[in-house]
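S.K.:
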Amino acid sequence: MSEEIVFIVAAAIALTGALGVVLSRNPVHAALFLVQTLVGVAVHFVLADAHFLAAVQVIVYAGAIVILFLFVIMLLGVDRAESLGVEPIAGQRPVAVIIGAGLVAALLTAGLVAT
């Protein structure tokens, strides 16, 4: 029972971190949310008795790779996502919603057929 609770809490931590990466407008905050996501994944590795993979996840990815991301962010001097000067393509959001809904429908269909 306690492993299930730890699994659910780690999944919630990883999912909120992933949402923070995608939705954050500040790139430094996005990198810190990425650390949160990677730590949540490392907890899942520990629950699966893959302790070496958990250590590699924290040391290599949450440590070295995120530090490299932060170095590039600081080197470029990007404060906000708006300062990148990227203009969205016309009609990009509706197309993304349609594709996302199609993917969710495909996953639900595959899950229902498999059971």
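So the number in the working numbering is just where the residue sits in the sequence shown, counting from 1, plus 318.
Just so you know, even glycine gets a beta-carbon here, dropped at the ideal spot from N, CA and C.
(1) Which word fits L421, buried or exposed, when buried means at least 16 other C-beta atoms lie within 10 angstroms of its C-beta?
(2) Of the residues A336, F363 and I407, which one's Cα is nearest the Cα of F351?
(3) For P345 and V353, I'd like the C-alpha separation in whole angstroms.
(4) Pick out the complete alpha helix (DSSP H) segments inside the region 332-412, 4 residues or longer, and give them in chain order.
(5) Buried or exposed, going by whether 16 or more other CB atoms sit within 10 Å of the CB of G418?
(6) Looking at the structure shown, is T433 part of a helix, part of a strand, or coil, going by DSSP?
(7) Tell me the rounded alpha-carbon separation between V361 and F325.
(8) Could you tell me the alpha carbon to alpha carbon distance between L356 and G409, rounded to whole angstroms?
(9) Work out the CA separation of P412 and A424 for me, nearest whole Å.
M.R.: To lay it out plainly:
(1) On the sequence shown, residue 421 is found 103 positions in, with the first residue counted as 1. Residue burial annotation: L421 is exposed, with fewer than 16 other C-beta atoms found within 10 angstroms of its C-beta.
(2) One-based indexing of the sequence shown puts residue 351 at position 33. Per the Cα distances, A336.
(3) As a first step, residue 345 is located in the sequence shown; it is residue number 27 there, counting from the start. As a first step, residue 353 is located in the sequence shown; it is residue number 35 there, counting from the start. The alpha-carbon of P345 is positioned some 13 Å away from that of V353.
(4) For the region 332-412, whole alpha helix (DSSP H) runs of length 4 or above, ordered along the chain, are 345-365, 369-374 and 384-394.
(5) Working through the sequence shown from its first residue, we reach residue 418 at position 100. Its Cβ having fewer than 16 others within 10 Å, G418 is exposed.
(6) As a working mapping, residue 433 is identified with position 115 in the sequence shown. Here T433 carries a coil assignment [DSSP, helix/strand/coil].
(7) The count along the sequence shown starts at 1 and reaches residue 361 at position 43. The count along the sequence shown starts at 1 and reaches residue 325 at position 7. Note on geometry: alpha-carbon atoms of V361 and F325 lie some 8 Å from one another.
(8) Counting from one through the sequence shown, the residue named residue 356 turns up at place 38. Counting from one through the sequence shown, the residue named residue 409 turns up at place 91. Cα to Cα, the separation comes out at about 33 Å.
(9) In the sequence shown, counting from the first residue as 1, residue 424 sits at position 106. In the sequence shown, counting from the first residue as 1, residue 412 sits at position 94. Going by C-alpha positions, A424 is about 18 Å away from P412.
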